[in-house]
Structures are given as structure tokens and as C-alpha cells.
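A short worksheet on the structure shown next.
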Amino acid sequence: MLEKLTPGTELDGFVIGERIHSGAQGVIIGVASPDAEYALIMKVPRVGQGESSESLLSFETEAMILPALSGPHVPRFVAVGDLARTPYLVTEWVEGESLEYWLDGGRLPAVEVARVGAAIADALHSVHLQHTIHLDLKPENVILKRDGTAVLIDFGLAHHAHYPDLLAEEERFAAGSAPYISPEQVLDDRSDSRSDIFSLGVVLYEMATGEMPFGMPETMKGMRDRLWRDPVPPRSIAKGMAPWLQEIILRCLETRADDRYQSAAYVAFDLRNPEQVVLTERATKLESASLFEQVRRWWNSHDHLPITRRRPLVPATEAPMVMVAVDTSHPNDQRHPALQRATSRILSLSGEFRLICVSVIRAAPLVEGSGGTATASGLHLEHLVRLRHWVEPLGLPAQRLSLHVIESANPADTLLEFARRNNVNIIVLGAPGPKEHTLAWWRSVASSVTAGAHCSVYVVRVPTVRSGAGVIDEDAAAYPPAQFGW
Amino acid sequence: MIIALLSDIHANLQALDTCLRHAHDNGAVRYAFLGDLVGYGSDVQAVVDVVSRYAAAGAVVVKGNHDEAIDRRAGYMNESAQEAINWARKMLDGEAKVFLAGLPLCVREDKLCFVHASASFPERWDYIDSKTAASESIEAAERVYTFSGHVHDQMLYFQTGMDKIGAFKPVPGTAIPVGSHRRWLALVGSVGQPRDGNPAAAYAMFDTTREQITFYRIPYNHHAAALNIREAGLSEMLAYRVQKGI
Numbered sequence: 001m002l003e004k005l006t007p008g009t010e011l012d013g014f015v016i017g018e019r020i021h022s023g024a025q026g027v028i029i030g031v032a033s034p035d036a037e038y039a040l041i042m043k044v045p046r047v048g049q050g051e052s053s054e055s056l057l058s059f060e061t062e063a064m065i066l067p068a069l070s071g072p073h074v075p076r077f078v079a080v081g082d083l084a085r086t087p088y089l090v091t092e093w094v095e096g097e098s099l100e101y102w103l104d105g106g107r108l109p110a111v112e113v114a115r116v117g118a119a120i121a122d123a124l125h126s127v128h129l130q131h132t133i134h135l136d137l138k139p140e141n142v143i144l145k146r147d148g149t150a151v152l153i154d155f156g157l158a159h160h161a162h163y164p165d166l167l168a169e170e171e172r173f174a175a176g177s178a179p180y181i182s183p184e185q186v187l188d189d190r191s192d193s194r195s196d197i198f199s200l201g202v203v204l205y206e207m208a209t210g211e212m213p214f215g216m217p218e219t220m221k222g223m224r225d226r227l228w229r230d231p232v233p234p235r236s237i238a239k240g241m242a243p244w245l246q247e248i249i250l251r252c253l254e255t256r257a258d259d260r261y262q263s264a265a266y267v268a269f270d271l272r273n274p275e276q277v278v279l280t281e282r283a284t285k286l287e288s289a290s291l292f293e294q295v296r297r298w299w300n301s302h303d304h305l306p307i308t309r310r311r312p313l314v315p316a317t318e319a320p321m322v323m324v325a326v327d328t329s330h331p332n333d334q335r336h337p338a339l340q341r342a343t344s345r346i347l348s349l350s351g352e353f354r355l356i357c358v359s360v361i362r363a364a365p366l367v368e369g370s371g372g373t374a375t376a377s378g379l380h381l382e383h384l385v386r387l388r389h390w391v392e393p394l395g396l397p398a399q400r401l402s403l404h405v406i407e408s409a410n411p412a413d414t415l416l417e418f419a420r421r422n423n424v425n426i427i428v429l430g431a432p433g434p435k436e437h438t439l440a441w442w443r444s445v446a447s448s449v450t451a452g453a454h455c456s457v458y459v460v461r462v463p464t465v466r467s468g469a470g471v472i473d474e475d476a477a478a479y480p481p482a483q484f485g486w
Numbered sequence: 001m002i003i004a005l006l007s008d009i010h011a012n013l014q015a016l017d018t019c020l021r022h023a024h025d026n027g028a029v030r031y032a033f034l035g036d037l038v039g040y041g042s043d044v045q046a047v048v049d050v051v052s053r054y055a056a057a058g059a060v061v062v063k064g065n066h067d068e069a070i071d072r073r074a075g076y077m078n079e080s081a082q083e084a085i086n087w088a089r090k091m092l093d094g095e096a097k098v099f100l101a102g103l104p105l106c107v108r109e110d111k112l113c114f115v116h117a118s119a120s121f122p123e124r125w126d127y128i129d130s131k132t133a134a135s136e137s138i139e140a141a142e143r144v145y146t147f148s149g150h151v152h153d154q155m156l157y158f159q160t161g162m163d164k165i166g167a168f169k170p171v172p173g174t175a176i177p178v179g180s181h182r183r184w185l186a187l188v189g190s191v192g193q194p195r196d197g198n199p200a201a202a203y204a205m206f207d208t209t210r211e212q213i214t215f216y217r218i219p220y221n222h223h224a225a226a227l228n229i230r231e232a233g234l235s236e237m238l239a240y241r242v243q244k245g246i
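Chains D and B, in that order, give the protein sequences.
For the first sequence, this note's numbering begins at 1 and goes up steadily by one.
For the second sequence, this note's numbering begins at 1 and goes up steadily by one.
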């Protein structure tokens, strides 16, 4: 079929253009269609005598999964040809630069690693929310768009929880790209979304150091090394690397999936908020584990293999980001205890939830002769202290918590934008209280946030006293997010 | 063309009616009943009447082991199942018995094979409970698509590139692409007596044009169905199972 696809010919209404790429798996051709509002490409697998079944299975997998995906982080699906007669897949041609060319073997400054890494983590999170694991994350499968976002391409090795996994039985090649794949993938487990987080760690390592954490293994034995060997700490390669970046990279690269970040949204958040990253011994170490430790792990990796136990796909929504809006401008407001209880109850549902506390304050008025800047930062600090005081009773460990004071004249828009940018799953905030005339601006915040949010919003109402009746339970008045089934 | 695939109705009229209405509303133009019209439940005559009407209009109907047991005593059934069969034998009229006795074990049409249990020796009523059993049935069916029941849980088996068998537990309501370049075996679940802890009726629809199969779980008034079994004087265990979906 490939030889028939010469420029100018037509296939099912698509006018064949130039070949963009030709590889072992197949070819990619630019195509035109009168209906298309954007540039298109056609992927055609190599099939027939002498070709491996690999390209066809990958093709079939992508043709099954891509139509089910949507959003700005995947190429738009256009059409698929009959697999038995004329297999082809037409998708949007993503305008941008491949991370592979962009990197070009070099080393990037921490700020760039964080920016690009967070964009990739956002893309992974979006795909994970759609029940899909990419399983082949590497620079050549990441397109960086001009607006700073990332698009993931090539879902030929992906796994979708709602579709049969055609590759699961094919131990021979279901693995992915040797330098990037997770320990689970080495052991043929294709059902864990945290595999993508490991691969993201490899990409971050590569961007930050210019080297590969596990080299370029060509044998199965070489690939198994990552079951027990830990990578050379990036800070010993890239001298002067910030400890927070090493902390993030090495946490992504943990052998046991349970020890990694549990959600790509958490990686994105940490990369965007380096000052909030809790540093552990990972952050500062300059050497790999001792020989004794590595031998112990090597022995374990052959023995009971703690990471091999099969587990279901962890939906990204089960490791959510909870954002609570705290009005630190009114510390004595009677709604605070109710808001604390509601937040605490949501967090008690899982040990994985992260809490982002946000206080939006009005910009400090510039009082003549008071030294503007000093006052502003003093005010900022004061609210940060109040925010910490507010959250302390919840007893959260530092790594599950972050605090943000933002100056803005428009709290609702600021909260919504902050929630969206940080992949927040639930926003918790107070409903307008009975003495609302004193807090007039807050009234509109609850309603605007509820109306404009991209996620669930839990509006906490303070008990009100009715004449002749008891106190109304605050629970009955709160709107629980549907996904918790309260 | 969309074909509704209904199996293991087990004399549960409420469940059958609900599924047939759902199938019709979702574009089904053909119907295939994959056996075990009777047994366990109390609406024996009514269910056989409905299915024979569909058969007269061109529906595929194959025989299940409970249907066979009406005129041929089955030694392997447990006490409550046997009791329900004995009761059904008394309740069914002559025409219904003739209809059940005349059902084929297996029907092959073009790319499709319909069989209650395994297409490999359908009369042995072997359960498709492993990849090996699925593989044997797919081979014996000699068709691209094999649709079966007998096992009350929904499952989709498929041949992979290396002629191995994959097994997939379907997510209800998701249209799964099932290309005709490989072979598939779908266990469509039980309309009348689901056993996975969810009392909702199970069935599936196959779209021959788009080559997609969708498995469904349809809630129906299972408390009423359980009440019917109790009122018929059948074993309390059978009513309880329908009520709880176990």
C-alpha cells in the first residue's frame, strides 16, 4: 500500500502530500483535506510479508485509543482507515518543536527544566485523567508548542483502561524505549500510571544533566539494572544544581512506584513551586547507594520483587489536589472552623491528597512616607503566618501542604486561575455568611468560583440558627463534590 | 446493523423487558438469545412466549443447559436449580416445550457464531472460564466473532498478534472497537441472574458495520423479580440471589 501513496494521489478524500518521516514502524505523510481547518498528517504502518506484527499492533493500539482522547495535550484524531484493507491514521499535525531537537543532547538551566517539565507533567496528567497511560514518554514523543504547553504524540504503546490491551500478551516488545521505561514495564506490567512518572523523571534527568540515568541499555539484563541500581545523583553531574530539582527528579525515579509522586499533577506543582518542595535526603546526596545496599536490592530484585505485584491502574483523580481558599483578612470570621472541618474531612479520605492553601489579599495601599515595598512584603508575610496558623490544626506533613498568599483585586478570578494552573480537583471555600454586608466582596467570590470552576467546588456554609429550631448541621448545607458520594 | 445479545435470562421477565426496551431504544434491529431462557426464575412461560415471538420475527435463539433440562433430566444441577426446572416443567405449555426442545446448540452466520457455552463440544456445557477454554471455543467456532453466555460475568477474549489470547473485563457503556482482522469471543453476561454483586441486568450489543461491541448493565426492578420467585414458592436462595446479584 505504501508504494501507492505518491504525492498528488488521493485516499478516502485525503490528498497525499510529502513524506515527513520514514521509519521501521511505518511512514508519516502530510495530507490535505478540503474539510480540515488545520494541517494533517497520515500515519501508515508497514504491513505485509516480511514486516513484523509490531508495527501493526502499535498502529491498532493507537487507532483505538486516540479517538477516545481529547484536550490540548494530544493530537486531534481525524480518521482511521480499515485495518484489513487500507490501514492509516489521520491526525492533526501539531505545530511546534520536538523536545528531542530542542534538547539536542545539551543541558538546560533549572528554570527551563522546571518550565518544560511542568508542561510535560500537565500533558501526562490530562492523559491520565482520561484513563490512559502513555508508556512511551521520551523527548521524541513530546512536542513543545509556542504557547509553552506540551503535546504527547505516538500512543502506539499506550494503555487505556476501558479498552482491551492488545500489547499485554506481547512480552517481546510491549516494553517501550529502553532508556526511559519504568521498572514495572521491564517486568511487563502495563497498568500503572506511575510508570509515566518514572519516564518523566528520566526526561527531567536528561534535560538537567545531558546524560541518561540508566544509560542506553541494549539487553534485557541492562534494562533490569534499574530494578536495583539507583542513578548517579544529578547534582554530581551538573554541579550547582538546585537541591529541589534533584529532589523532584530522584523522587520520580524511585524504583518502587509507591515511593514516587502518585500523580503527574504533583510533579507539575512542585516544578512550578520550587520553594514549596520539601527536601529529603534525596535532595542533597552526591553518591548512589552503597555497594552493600545495591547488592541487597539486587538480591531482592531476583527474590520477591516487591515492585512486581500487579495493581490496577491508579486513576489520577485518586491522588487529588485540594485547594482551600482562606480569608486571612478576617481571621476571626466564624466560618473558619467550619472550613477547617470540611477540609480535614476531605483530606481524611486518602493519605495521598495534597492541600494548597490560598489567601487572596488586596494589594497593600501605598501610604505616603511608609516605605511602600517594605509594607507590602510585611503584609504578605503577616498573611502567610496567619495561613500557617489556620492550617496547623489539620496536622498535615509538610510534603502534602503548600501555602500561597496572592495579591489581587479580583479574588474569584485569581482563585480560578490558580486552581486551573495547578490541576486542582476540588476547591473548598466558604459560602457567604449571615453578616455578609461586612464582607461584601466575598459573597461574589463563592458564587463566581462555583460558576467558573473547572473542577468540583465544595461550598461550606456556617451553621445558622433558626428561631425555634436547633442549629442546622453545617454538613446539610454544604455541597459535597459528587465524586465522593457523600 | 446492531445486534442485541441476550443470554441467561433465567425466566426473569422484568429484566428481559428492560433490556429489550433499552436495546430497541439504542438502535438494535436484530436479536440473539444465547440460551438459558428458563431455570432459577419464575416467569418461565412469559419469557419463552416473548423469545419465541422474537424467533418468529427472525431472531437467533440457541439452547442452554437449563432449556435442555426441561425434557432431559440433568444430573449435575444443584437442588434449588433442579427444583426450579421441575417447577418450570409443570408451568410450561406444550408449545413452549416444543420450542425449547427444538432449539439448536449453535448457530453460525457469516462471520458470527452464537453458542450458549463453548463452540467446542457445545453439548458438554463447558464454561469459558480461562484463556485456554476461550481459545478452544474460538478455534472450534471458525468465525471472527463468537458470542456466548453460560458464564454469568461479562468478558471479552481476543486473539493477539502472536495467536495468544487476551482477556478484558469490559467497562459498561464503552463502545470497544473489535476489528474483524482478529478473532473475538464475547461473554455477554446474564440478563436474569447476574452474579458479580451488582443486581443490574447484563447484556451486550454488537454493531456489525462499525465493528464495535458495547457491554451494558441495566438496572431494573430486581426486588419485584425476587418477589415473583418467592410468590411462586421457589427456593428463597434463588430470590435472594436475584435481589443481591450474587
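For each residue, glycine too, the CB sits at the ideal point set by N, CA and C.
### Interface partners of L156/B on chain D, CB under 7 Å
P164
### Task
Using a threshold of 8 Å, state whether the C-beta atoms of M64/D and Y163/D are closer than that.
yes
#### Entry: Neighbour list for L83/D in chain B, Cβ cutoff strictly below 7 Å
G179 and H181
### Query
chain E partners of A168/D, CB-CB under 7 Å?
The chain labelled as chain E is not found among the protein chains of the depicted structure, namely D and B.
### Task
Tell me, to the nearest whole angstrom, how far the beta carbon of A204/B is from that of A224/B; I am working on the premise that it is less than 8 Å.
The Cβ separation is near 24 Å, so there is no contact.
### Query
For D129/B, is the classification buried or exposed, using 16 other Cβ atoms within 10 angstroms of its Cβ as the cut-off for buried?
exposed
### F292/D, buried or exposed, once every other Cβ within 10 Å from all chains shown has been counted against 16
exposed
### Message
Measuring alpha carbon to alpha carbon, tell me which residue in V202/D, I41/D, A158/D and D12/D is nearest G81/D.
### Response
D12/D
### Task
Taking T91/D as part of the beta strand (DSSP E), name the residues at either end of that continuous run.
L89 to E92
### Query
Distance, Cα to Cα, E169/D vs V385/D?
55 Å
### Query
Where does R72/B fall in DSSP's three states?
coil
### Query
Shortest alpha-carbon distance to P233/D belongs to which of E100/D, E10/D and F214/D?
F214/D
### Task
Return the Cβ separation of V361/D and I426/D in integer angstroms, given the expectation that the two are a contact with Cβ distance under 8 Å.
Just to set this straight, residue 361/D is Ile in the shown sequence, not Val. Contact flag wrong, Cβ pair sits at about 23 Å.
#### Entry: Buried/exposed call for T280/D, threshold 16 Cβ in 10 Å
exposed
### Query
Using the beta-carbon of each residue, which ones in chain B are nearer than 9 Å to M64/D?
I176, P177 and G179
### Query
Since E60/D meets chain B, which of its residues come closer than 9 Å, beta carbon to beta carbon?
G161, P177, G179, H181 and R182
### Query
Any idea what DSSP makes of D413/D, helix, strand or coil?
helix
### Task
Could you pull out every unbroken alpha helix (DSSP H) segment of at least 4 residues lying fully inside the stretch 110 to 197 of chain B, listed in chain order?
131 to 141
#### Entry: Length of the line joining the Cα atoms of A431/D and L394/D
21 Å
### Query
Does the Cβ-Cβ distance between I133/D and S199/D come in under 8 Å?
no
### Message
For T308/D, would you say it is in contact with chain B, using Cβ-to-Cβ distances shorter than 8 Å as the test?
### Response
Note on T308/D: pLDDT 45, under 50, position unreliable in the model; no value is reported.
#### Entry: Minimum C-alpha distance to V144/B - residue among T132/B, D153/B, A133/B and Y157/B
Y157/B
### Check whether T6/D and L157/D have beta carbons under 8 Å apart
no
### P183/D - containing alpha helix (DSSP H), residue span
P183 to V186
### Buried versus exposed, by CB contacts within 10 Å (16 or more), R420/D
exposed
### Query
Comparing alpha-carbon positions, which option in V203/D, S195/D and E112/D lies nearest N141/D?
V203/D
### Task
Using 10 angstroms around the beta-carbon of S7/B, count the other beta-carbons present and answer buried if the total reaches 16, otherwise exposed.
buried
### Message
Helix, strand or coil, according to DSSP, for R388/D in the structure here?
### Response
helix
### Nearest to G240/D (by Cα), restricted to the options T91/D, A110/D and S177/D
A110/D
### Message
Is the beta carbon of V62/B closer than 8 Å to that of H24/B?
### Response
no
### Task
With a cut-off of 8 Å on the beta carbons, I'd call V449/D and V462/D a contact; round off their distance for me.
Rounded, the Cβ-Cβ distance is 17 Å, inconsistent with contact.
### Message
If you reduce the DSSP assignment to three classes, tell me which class I248/D lands in.
### Response
helix
### Task
Measuring alpha carbon to alpha carbon, tell me which of A141/B, A119/B, W87/B and T132/B ends up nearest K111/B.
A141/B
### Query
Three or more C-beta pairs closer than 8 Å, one from the stretch 246 to 258 of chain D and one from the stretch 92 to 102 of chain D: is that the case here?
no
### Task
Taking 8 Å as the cut-off, decide whether the C-beta atoms of V267/D and I356/D are in contact.
no
### Task
Return helix, strand or coil for F214/D, following the three-state DSSP convention.
coil
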